[in-house]
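Asker:
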Amino acid sequence: MLPWKHAVRALSVLLLTAVATLAPTTAASARAETATVSRGWNDFSCKPSAAHPRPVVLVHGTLGNSVDNWLVLAPYLVNRGYCVFSLDYGQLPNVPFFHGLGPIAASAGQLDTYVDRVLAATGAPEVDLVGHSQGGMMPRWYLKFLGGAEKVNALVGIAPDNHGTTLLGLTKLLPYFPGAEGLIKATTPGLADQIAGSPFLTQLNEGGDTVPGVRYHVIATRYDEVVTPYRSQFLTGPNVTNVLIQDKCALDLSEHVAIGTVDRVTFHEVANALDPARATPTTCLSVIG
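Each residue of the sequence shown is one higher than the last, beginning at -16 in my numbering.
#1: In its own chain, which residues sit with a C-beta less than 7 Å from the C-beta of Ala6, not counting the 5 before and 5 after it?
#2: Flag this pair as touching only if the region 71 to 88 and the region 99 to 108 have three or more C-beta atom pairs under 8 Å; answer yes or no.
#3: Specify the secondary structure class of Leu138 as computed by DSSP and reduced to three states.
#4: Considering only DSSP beta bridges, list what Ala203 is partnered with.
#5: Based on the DSSP secondary-structure assignment, which residues constitute the bridge partners of Phe68?
#6: Under 7 Å Cβ to Cβ from Pro172, same chain only, skipping five residues before and after it: list those, please.
#7: In the DSSP assignment, the alpha helix (DSSP H) including Val61 goes from what residue to what residue?
#8: Starting from Leu234, follow its DSSP beta bridges and name the residues at the other end.
#9: Quick one: grab the DSSP three-state call for Thr249.
#10: Report the partner residues of Ile178 according to the DSSP bridge assignment.
#11: Would you kindly work out how many angstroms separate the C-alpha atoms of Thr266 and Arg123, rounded to a whole number?
#12: Tell me whether the region 49 to 64 and the region 88 to 98 touch, counting them as touching only if at least three CB pairs, one residue from each stretch, are closer than 8 Å.
#13: When you compare each of Gln117, Phe81, Leu187 and Ala241 to Leu129 by their alpha carbons, which one comes out closest?
#14: Since His239 is in the alpha helix (DSSP H), which residue starts that stretch and which ends it?
#15: Does DSSP put Gly114 in a helix, a strand or coil?
#16: Buried or exposed for Asp51, going by 16 or more other Cβ atoms inside 10 Å?
#17: For Val78, write down the residues that DSSP places opposite it in a beta bridge.
#18: Check whether the Cβ atoms of Ile242 and Ala142 lie closer than 8 Å to each other.
#19: Considering Cα atoms alone, identify which of Asp207, Thr148 and Gly191 is closest to Leu174.
#20: Could you tell me the distance, in whole angstroms, from the CA atom of Val275 to the CA atom of Val39?
#21: Take Val253 as the anchor and find which of Leu126, Phe81, Asp144 and Leu41 has the nearest alpha-carbon.
#22: Inspect the beta-carbon positions of Gly220 and Asp192 and report whether they are closer than 8 Å.
#23: Here's the rule: buried if 16 or more other CB atoms are within 10 angstroms of the residue's CB, otherwise exposed. What is Ala57?
#24: Among Glu238, Pro31, Pro182 and Leu227, which residue has its Cα nearest to the Cα of Gly106?
#25: Rounding to the nearest angstrom, what Cα-Cα distance links Gly196 and Val223 in this structure?
#26: Could you pull out every residue in the same chain whose Cβ sits closer than 6 Å to the Cβ of Ser237, ignoring the five residues on either side in sequence?
#27: In whole angstroms, give me the CA-to-CA distance for Gly180 and Ala132.
#28: Within 10 angstroms of the Cβ of Ser28, are there 16 or more other Cβ atoms? Answer buried if so, exposed if not.
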């Protein structure tokens, strides 16, 4: 694909915020919650089994929500015996459906509240977190600054922007457009926080990428056109496993969205990360399992 086409695809992440239409959300949220329970997740009567004693909390990415981001992975995990939950976070006023746009530190506070709700309902002492894109990075604020490390066993990040993104170098052009960066910060602070070198990311990564007591598992794709460069997703520190999905299956062409929403090779790697004692090799054949 030509470089300018990559740039257009990356820019779409920003442009999608402009197409969010105003609409009542209460009834839609109720329908979404009912639908997810019917598919077996977000069922607060679920009790973890001895085989899978920790509930799994799924954390959507920027412009995602608690349902659409997980239409494939959530049932995949439920069918393997997990209690699975997902939250909405980072909502902006009058912007339905597209979430993860609010200040990321505030979103981490929403995650804190939600994890407490899941622990209270299930009786489990800890959860495992699985997040896509911003959802794989934002929980690190919760772990580091909000006491989350005491409640979380593992964080599995799928294409997480742990050190921000350059959007294929496009963010470096912002200084040449007076007012552009300020506009992004004012209207979609969650996007501004994810720009490589932002004050938020500087504070998040200062003193090290990880905190004691938590396992970290990062899954990236070399074809990521949103979180760039893709190796910036990887973490450094104890109890860290960094995986490039093409090292597991060279034929896997999944890019940023696909790796978190439909890629069965990635989902097999997620299952391994959640239950390393029963892990089986992740290969191109994992799409069958």
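Each residue gets a CB set at the ideal place from its N, CA and C atoms; glycine is no exception.
Answerer: In brief:
#1: By 1-based counting over the sequence shown, the position of residue 6 is 23. Low confidence applies to Ala6: its pLDDT is 34, below 50, so where it sits in the model is not reliable, and the reading given next is rough at best. Sequence-distant Cβ neighbours of Ala6 in its own chain, meaning closer than 7 Å and more than five residues away, are Pro79.
#2: Taking 8 Å as the limit for Cβ pairs, the verdict is that the region 99 to 108 does not touch the region 71 to 88.
#3: In the sequence shown, counting from the first residue as 1, residue 138 sits at position 155. In the structure shown, Leu138 sits in a strand (DSSP, three-state: E or B).
#4: One-based indexing of the sequence shown puts residue 203 at position 220. DSSP output for Ala203 lists Leu227 as bridge partner(s).
#5: Residue numbering aside, residue 68 sits at position 85 when the sequence shown is read from its first letter. The partner list for Phe68 (beta bridge, DSSP) reads Val40.
#6: Within the sequence shown, the letter at position 189 stands for residue 172. Closer than 7 Å at Cβ, skipping near neighbours: Gly85 and Pro86.
#7: Sequence index remark: in the sequence shown, residue 61 carries index 78 (1-based). For Val61, the enclosing alpha helix (DSSP H) begins and ends at Leu56 to Val61.
#8: Counting from one through the sequence shown, the residue named residue 234 turns up at place 251. The partner list for Leu234 (beta bridge, DSSP) is empty, contrary to what the question assumes.
#9: In the sequence shown, counting from the first residue as 1, residue 249 sits at position 266. Three-state result, Thr249: helix.
#10: As a first step, residue 178 must be located in the sequence shown, where it is residue number 195. DSSP lists Thr148 as partners of Ile178.
#11: What you label residue 266 is simply residue 283 of the sequence shown in a count that begins at 1. What you label residue 123 is simply residue 140 of the sequence shown in a count that begins at 1. One alpha carbon belongs to Thr266, the other to Arg123, and they sit about 28 Å apart.
#12: By the criterion of at least three beta-carbon pairs nearer than 8 Å, the region 49 to 64 is not in contact with the region 88 to 98.
#13: Here residue 129 is taken as the residue at index 146 of the sequence shown, counted from 1. Leu129 has its Cα closest to that of Leu187, out of Gln117, Phe81, Leu187 and Ala241.
#14: Numbered from 1 along the sequence shown, position 256 holds the residue referred to as residue 239. Taken as a continuous stretch (DSSP letters only), the alpha helix (DSSP H) holding His239 covers His239 to Thr244.
#15: Locating residue 114 in the sequence shown gives position 131, where the first residue counts as 1. Correct three-state label for Gly114: strand.
#16: Here the question's residue 51 lines up with position 68 in the sequence shown. With fewer than 16 Cβ atoms within 10 Å of its Cβ, Asp51 is classed as exposed.
#17: The count along the sequence shown starts at 1 and reaches residue 78 at position 95. The partner list for Val78 (beta bridge, DSSP) reads Leu75.
#18: To locate residue 242, count along the sequence shown from 1; it is residue 259. To locate residue 142, count along the sequence shown from 1; it is residue 159. Yes, the Cβ-Cβ distance between Ile242 and Ala142 is below 8 Å.
#19: Stepping through the sequence shown from its first residue, residue 174 is reached at position 191. Comparing C-alpha distances from Leu174 to each of Asp207, Thr148 and Gly191 shows the shortest one belongs to Thr148.
#20: The structure shown does not extend to residue 275, since the chain is modelled only from -16 to 272, so the question has no answer here.
#21: Position 270 of the sequence shown, counted from the start, is the residue given in the question as residue 253. Looking at Leu126, Phe81, Asp144 and Leu41, the one whose alpha-carbon comes closest to that of Val253 is Leu41.
#22: Translated into the one-based positions of the sequence shown, residue 220 becomes position 237. Translated into the one-based positions of the sequence shown, residue 192 becomes position 209. Yes; because the gap between Cβ atoms is below 8 Å, this pair is in contact.
#23: Translated into positions along the sequence shown, residue 57 becomes position 74. Buried, because 16 or more other Cβ atoms sit within 10 Å of the Cβ of Ala57.
#24: Counting from one through the sequence shown, the residue named residue 106 turns up at place 123. Of the candidates Glu238, Pro31, Pro182 and Leu227, the one whose C-alpha sits nearest the C-alpha of Gly106 is Pro31.
#25: By one-based count along the sequence shown, residue 196 stands at place 213. By one-based count along the sequence shown, residue 223 stands at place 240. Roughly 11 Å separates the two Cα atoms.
#26: Along the sequence shown, one-based indexing puts residue 237 at 254. Excluding positions up to five away in sequence, the list reads Thr204 and Asp246.
#27: On the sequence shown, position 197 is the one that residue 180 refers to. On the sequence shown, position 149 is the one that residue 132 refers to. So the two alpha carbons sit approximately 25 Å from each other.
#28: In the sequence shown, the residue the question calls residue 28 occupies position 45. Burial is judged here by how many other beta carbons sit within 10 angstroms of a residue's own beta carbon; Ser28 has fewer than 16 and is exposed.
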